[in-house]
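Numbering (my numbering), first residue to last: 12 to 639. Accompanying notes for the structure given below.
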Amino acid sequence: MDISKKRWVLPFGIGSGGITFAAPNYITTGDGYTKIIHIYRLPTRLDDYWLSDITRQKDCITVIDASTRDKREVQKNINRALQEEFSREQHATNYQEIYDSQKRQHQLQLMYDEVKSMGEVVKMMHFRIFVSGKSLVSVEEQCGEIMENLEADEYMPTILLNEGEREWKSLWQSYTRQAAEPFAIKGLSLMTEQIAGGYPFKFSSLEDDCGDLLGFTGCGGCVVYDEFAKTDRRKHYNTLAVGDMGSGKSTFLKKRFRSRAERGDFVRCFDISGEFTQLTREFGGKIIKCDGQHGLLNPLEILRSGDDDGTNYVRHISKVSAFYQCLVPGTTYETLIDLQNILRSLYERFELVPGEGKRITGLPANRYPTFSDLAAYIKEEMDVKTDEAAKADDVRKALLIQEVSQLNSIYKAISSLVRNYGQMFDGHTTIDNIVDEKIVTFDISTIKDLDNIFVAQLFNMTYFCWDNAVANGGYMKAQYESKALSFEDVVRFLIIIDESHRWINAKFEFILDLIIVILREARKYFVGVTLASQSIRDYAPEGSSSEAIEKLKIIFELTQYKFIFKQDSSVLPLIDKLFGGVLSPWQREKIPYLEQGETILSIAGDRNIFFKVWLSKQYEEQLFAGGA
Numbered sequence: 012m013d014i015s016k017k018r019w020v021l022p023f024g025i026g027s028g029g030i031t032f033a034a035p036n037y038i039t040t041g042d043g044y045t046k047i048i049h050i051y052r053l054p055t056r057l058d059d060y061w062l063s064d065i066t067r068q069k070d071c072i073t074v075i076d077a078s079t080r081d082k083r084e085v086q087k088n089i090n091r092a093l094q095e096e097f098s099r100e101q102h103a104t105n106y107q108e109i110y111d112s113q114k115r116q117h118q119l120q121l122m123y124d125e126v127k128s129m130g131e132v133v134k135m136m137h138f139r140i141f142v143s144g145k146s147l148v149s150v151e152e153q154c155g156e157i158m159e160n161l162e163a164d165e166y167m168p169t170i171l172l173n174e175g176e177r178e179w180k181s182l183w184q185s186y187t188r189q190a191a192e193p194f195a196i197k198g199l200s201l202m203t204e205q206i207a208g209g210y211p212f213k214f215s216s217l218e219d220d221c222g223d224l225l226g227f228t229g230c231g232g233c234v235v236y237d238e239f240a241k242t243d244r245r246k247h248y249n250t251l252a253v254g255d256m257g258s259g260k261s262t263f264l265k266k267r268f269r270s271r272a273e274r275g276d277f278v279r280c281f282d283i284s285g286e287f288t289q290l291t292r293e294f295g296g297k298i299i300k301c302d303g304q305h306g307l308l309n310p311l312e313i314l315r316s317g318d319d320d321g322t323n324y325v326r327h328i329s330k331v332s333a334f335y336q337c338l339v340p341g342t343t344y345e346t347l348i349d350l351q352n353i354l355r356s357l358y359e360r361f362e363l364v365p366g367e368g369k370r371i372t373g374l375p376a377n378r379y380p381t382f383s384d385l386a387a388y389i390k391e392e393m394d395v396k397t398d399e400a401a402k403a404d405d406v407r408k409a410l411l412i413q414e415v416s417q418l419n420s421i422y423k424a425i426s427s428l429v430r431n432y433g434q435m436f437d438g439h440t441t442i443d444n445i446v447d448e449k450i451v452t453f454d455i456s457t458i459k460d461l462d463n464i465f466v467a468q469l470f471n472m473t474y475f476c477w478d479n480a481v482a483n484g485g486y487m488k489a490q491y492e493s494k495a496l497s498f499e500d501v502v503r504f505l506i507i508i509d510e511s512h513r514w515i516n517a518k519f520e521f522i523l524d525l526i527i528v529i530l531r532e533a534r535k536y537f538v539g540v541t542l543a544s545q546s547i548r549d550y551a552p553e554g555s556s557s558e559a560i561e562k563l564k565i566i567f568e569l570t571q572y573k574f575i576f577k578q579d580s581s582v583l584p585l586i587d588k589l590f591g592g593v594l595s596p597w598q599r600e601k602i603p604y605l606e607q608g609e610t611i612l613s614i615a616g617d618r619n620i621f622f623k624v625w626l627s628k629q630y631e632e633q634l635f636a637g638g639a
């Protein structure tokens with residue numbers, strides 16, 4: 012259909028009852044009324060995404076018309092405006108007039124340079140909002156509300172009297188066609204950079220069904236977040252959060268702590284500075300100091316880490332081997348083999364190896380050996396081999412002496428641990444049974460400067476948490492699979508590890524393998540692990556091996572959610588290396604300039620969202636004390 016021959020007829024926009032423009036400030040159609048708001052002036056300062064202020068009106072049609080102005084005409088107009096401003100400055104009678112004129116001249120000069128030398132294009136634009144309804148009263152009320160909101164943001168809207176037909180025809184007419192009409196209204200002049208910055212379709216948001224308010228996007232979209240949400244693209248519940256001091260990372264961790272605690276989920280938190288103490292007490296949780304004051308956790312006690320005791324035993328031996336490597340960095344492979352053989356013999360003596368109808372986890376604490384028992388057993392083995400060497404031939408004697416030497420190196424390390432850190436590691440488990448305790452914070456502030464001992468204890472306590480998680484998750488898994496519980500009613504388990512880079516990094520490659528196992532299996536036990544650090548560089552210090560870097564990549568791949576707060580620009584190449592191309596160029600370049608609370612959330616396989624974490628002043632601001 013040739014619309015130009017039908018005058019203003021618009022088949023897809025008019026009801027079958029027809030249309031009339033008789034009224035001066037509204038249009039009457041067969042099925043209701045329409046008023047058209049025309050914006051004739053924009054704010055002096057245009058913010059990012061400013062066009063969304065115009066286009067996001069509810070139940071309205073927003074029409075934006077644009078046309079390119081002739082470059083020579085633009086230059087001529089700028090030149091004329093500069094002459095006027097220069098003349099105004101020469102005849103000014105006070106400083107205010109001089110200042111305003113000079114400021115305007117500077118703006119015009121910049122515009123002239125952009126048009127003349129940089130190829131900038133100036134556009135002419137019309138902005139109209141079509142408001143329709145069944146009754147004139149409802150239309151007028153909606154128009155009044157829209158105009159008030161626009162005026163509050165320094166836009167100047169109006170309804171052009173006796174221009175109803177011309178305004179209505181703009182629905183399908185181009186800007187050029189509108190400008191050819193008699194007495195046509197000139198559009199607003201805008202640089203293309205201003206238009207690009209006003210991109211109106213940046214409506215990012217996240218609205219998880221069972222989530223809670225975490226923050227707001229730049230366009231006012233809500234981030235309603237639930238790390239345990241399950242969709243076709245979101246399969247697991249692990250999180251990584253990195254951010255400089257004061258960037259808002261700790262506030263984010265506390266909001267997640269509070270969210271899960273309020274739901275009645277299990278929360279285990281590793282607190283390196285004591286800042287989670289008040290939050291833990293607010294929810295009636297328990298605080299355990301990891302320096303032995305509140306009891307010890309026997310690293311040789313076999314904890315639950317899988318579905319059966321065979322798996323539990325194998326992972327326990329790997330855990331003790333990693334624990335030993337924390338104490339003695341640079342341990343050789345041969346030494347680890349000797350240690351594992353000794354452990355096997357020790358557990359056989361205590362009847363704690365997997366077998367038909369035997370349980371090796373969940374037994375009374377005194378059923379498990381201690382490091383004193385291990386040291387005594389090694390000493391016993393050395394004495395036996397020494398006596399045997401005295402009676403053996405030269406070849407056998409040399410082998411036995413070498414074995415005794417290797418055992419002696421292990422014995423010295425274990426003896427040192429018993430003598431110097433026995434209150435933390437040597438003895439049967441005396442920490443209260445916390446498997447049914449919902450909220451537990453491990454205070455590691457008193458041991459954070461103990462280097463390898465700190466790493467060993469943190470690793471030990473993490474496995475303790477994993478034992479709790481498997482106990483709860485195993486039960487929940489059975490209930491869910493038998494349809495006794497719905498997915499929404501499952502009790503989740505959140506583990507928060509602040510300053511995780513202190514022991515999960517490329518330096519401790521032997522720990523990475525075990526952490527990968529935990530992250531892989533967390534999903535089936537309804538467990539979410541949140542790792543936090545100040546800088547992504549802390550995970551991969553200079554000189555890290557390529558194998559360790561690859562394992563770190565796997566760990567980061569196993570985190571469904573990555574919250575990136577402010578980071579120094581120097582770490583951007585490392586982010587590219589570890590994360591791959593998950594961030595857009597704009598998001599990547601914005602990282603060093605993020606303000607406090609601003610973050611980029613990257614959801615693996617789904618989307619990236621830039622938003623600012625919201626903090627309730629009435630409650631959270633007092634509860635989440637984090638320093639000035």
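Where a beta carbon is used, it is the ideal one built from N, C-alpha and C, also for glycine.
Where do the ends of the beta strand (DSSP E) carrying residue i lie?
i    : result
V429 : From DSSP, V429 is part of no beta strand (DSSP E) but of the alpha helix (DSSP H) over D405 to F436.
V451 : I450 to D454
P168 : M167 to T169
L201 : L199 to M202
For the alpha helix (DSSP H) holding residue i, just list the boundary residues, first then last.
i    : result
H137 : Segment V133 to G144 is the beta strand (DSSP E) holding H137; no alpha helix (DSSP H) there.
Y210 : Here Y210 belongs to no alpha helix (DSSP H), and DSSP marks it neither H nor E.
V235 : From DSSP, V235 is part of no alpha helix (DSSP H) but of the beta strand (DSSP E) over C233 to Y236.
K330 : D320 to L338
P584 : L583 to F590
G368 : Counting along the chain, G368 falls outside any alpha helix (DSSP H), and DSSP gives it neither H nor E.
K180 : G175 to K180
K562 : S557 to E568
T262 : K260 to R274
I65  : L62 to T66
Where does residue i land, buried or exposed, given buried means 16+ other C-beta within 10 angstroms?
i    : result
L121 : exposed
D454 : buried
R548 : buried
G29  : exposed
N309 : buried
L21  : Annotation note: pLDDT 47 at L21 (below 50); position unreliable, no value reported.
I371 : buried
R83  : exposed
N323 : buried
Beta-carbon within less than 6 Å of residue i's beta-carbon, same chain only, minus the 5 sequence neighbours each way: which residues are those?
i    : result
I508 : F281 and L542
K562 : L523
R80  : V133 and M135
K17  : With a pLDDT of only 46 at K17, under 50, the local geometry of the prediction cannot be trusted, and the value read off the model is given with reservation. Nothing meets the Cβ criterion.
F361 : P380
Y616 : The question names Tyr, yet the displayed sequence has Gly at residue 616. Counting only Cβ-Cβ distances below 6 Å, and skipping sequence neighbours, we find R244.
S544 : V253, S511 and H512
L201 : K134 and M136
G438 : L307 and T381
I442 : G306 and L308
P211 : L62, S63 and T66
By DSSP's criteria, residue i is part of a beta bridge. Which residues make up the other side?
i    : result
Y106 : None, per the DSSP bridge assignment.
L251 : L542 and K573
K623 : F227 and E609
V148 : DSSP, once it has assigned bridges, lists no residue as partnering V148.
A77  : M136
D282 : D454
I298 : T452
T45  : I38 and S143
Look at residue i and residue j and say whether their C-beta atoms are less than 8 Å apart.
i    : j    : result
K573 : S511 : no
S258 : Q598 : no
F268 : L251 : no
S420 : T346 : yes
G208 : L338 : no
S215 : I620 : yes
L217 : V624 : no
R315 : V481 : yes
V234 : T242 : no
Give every residue of the same chain whose Cβ lies closer than 8 Å to the Cβ of residue i, excluding the five residues on either side of it in the sequence, and list them in chain order.
i    : result
C301 : M435, F453, D454, I455, T457, I458, Q468, L469 and M472
Q633 : none
Y110 : none
To which residues of the same chain is residue i closer than 7 Å at the C-beta, ignoring the five residues directly before and after it?
i    : result
A386 : Y422, I425, S426 and V429
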